[in-house]
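Residue numbers (our numbering): 5 to 287.
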């Protein structure tokens, strides 16, 4: 039996930093949404655990890969040692703030659960996913969600459909470096603030207000990669004449578009700079 599963990317419609924790992480409040950009993962039974990666030379295939960590967590919680061959066909840019690695880990957890006849329910999968990384739990369900604490405490709101322009400027951003170089921040933002500023305009399709309210505190980082990304941001905004923000810890940037707007945008000048540029949709 071979299972092939799509592994979606995400954007952060906003991200606020609510201070640094004693464990060295930061408390955040963020709004996630999955988008229709996918890696593809195939899983089949094998004599032993193996991971093959296609489509990227910058993804580790060893124990540092979140897919391997997902297999370890699955074994820890179910007692089932995954003897599987996993192939990752990588399409989501790496180091882009799009959650590709976290999505891969979540999809492997779901795939293993399916392959071994569902030993755990979705609630347990979310708990297991939160052990792997901050964003992993979100991808168990996907759609639209607000995440708090490290991003793993989640409230889900179904999903919305809207168009985005996504640009990856071929700059790699290390999440750890971005957070390490943040100025001290403590926004004291609550879930209700994210609902008021982001979810209500989004659900009303009031994209003008949504764009005005979108925010990412990680753009304030003094990390070298973020400084470069902010230069790219200005170039994109000048080109497409709409608000652009960084997704997560970067380096991808996106704009939420009004209906029919993408047909009026010429992305050729951005592509000529060697950047990865796509029109995509929230799912």
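Cβ coordinates follow ideal geometry from the N, Cα and C atoms, glycine included.
### Task
Could you name the residues that DSSP lists as bridge partners for residue 260?
168
### Task
Kindly provide the ranges of any beta strand (DSSP E) runs that are 3 or more residues long and lie completely inside the stretch 9-88, ordered along the chain.
30-49, 54-58
### Message
Checking the sheet assignment: what are the DSSP bridge partners for residue 157?
### Response
152
### Task
Classify residue 198 as helix, strand or coil using the three-state DSSP reduction.
helix
### Task
Name the residue from 94, 124, 45 whose alpha carbon lies nearest to the alpha carbon of residue 88.
45
### Query
With respect to the alpha helix (DSSP H) encompassing residue 143, which residues constitute its N-terminal and C-terminal limits?
142-145
#### Entry: Burial state of residue 54, where buried means 16 or more other Cβ atoms lie within 10 Å
exposed
### Query
Quick one: Cα of residue 242 to Cα of residue 274, how far?
11 angstroms
### Query
What beta strand (DSSP E) runs, 3 residues minimum, are completely inside the stretch 199-285?
257-261, 280-285
### Query
Taking the alpha helix (DSSP H) that residue 117 falls in, what are its first and last residues?
104-119
### Contact belief for residue 256 with residue 33 at Cβ below 8 angstroms, rounded distance in angstroms
At roughly 20 angstroms, the Cβ-Cβ gap does not stay under 8 angstroms, so residue 256 and residue 33 are not in contact.
### Task
Give a yes or no on whether the minimum CB-CB distance between residue 179 and chain C is below 8 angstroms.
The structure shown contains no chain C, having only a single protein chain.
### Message
Considering only DSSP beta bridges, list what residue 93 is partnered with.
### Response
44, 58
### Task
Give the range of the alpha helix (DSSP H) segment to which residue 134 is assigned.
126-136
### Query
Would you report the Cα separation of residue 208 and residue 199, rounded to the nearest angstrom?
12 angstroms
### Run of the alpha helix (DSSP H) containing residue 182, from where it starts to where it stops
179-184
### Task
Go ahead and pull the three-state DSSP assignment for residue 7.
strand
### Message
Measuring only the C-alpha atoms, how far is residue 98 from residue 108?
### Response
12 angstroms
### Task
For residue 299, count neighbouring Cβ atoms within 10 angstroms of its own Cβ and tell me buried if that reaches 16, exposed if not.
Look at the range of the chain in this structure, 5 to 287, and you will see that residue 299 is not part of it.
### For residue 176, the nearest candidate out of 19, 100, 285, 14 (CA to CA)
100
### Task
Would you mind giving the Cβ-Cβ distance between residue 244 and residue 227, rounded to the nearest angstrom? I have them listed as a contact below 8 angstroms.
About 25 angstroms; that fails the 8 angstroms criterion.
### Task
For residue 9, collect the residues of the same chain with a Cβ closer than 6 angstroms to its Cβ; drop the 5 residues on either side in sequence, then sort them by chain order.
45, 111, 115
### Query
So, using beta-carbon positions, are residue 279 and residue 165 closer together than 8 angstroms?
no
#### Entry: residue 12 to residue 237 span [Cα, whole Å]
24 angstroms
### residue 42, buried or exposed, once every other Cβ within 10 Å from all chains shown has been counted against 16
buried
### Query
Is it right to say residue 216 is buried, meaning 16 or more other beta carbons lie within 10 angstroms of its own, or is it exposed?
exposed
### residue 187 versus residue 86 - alpha carbon distance
43 angstroms
### CA nearest to the CA of residue 270, picked from 263, 182, 281
281
### Query
Would you say residue 221 and residue 19 are within 8 angstroms of each other, going by their C-beta atoms?
yes
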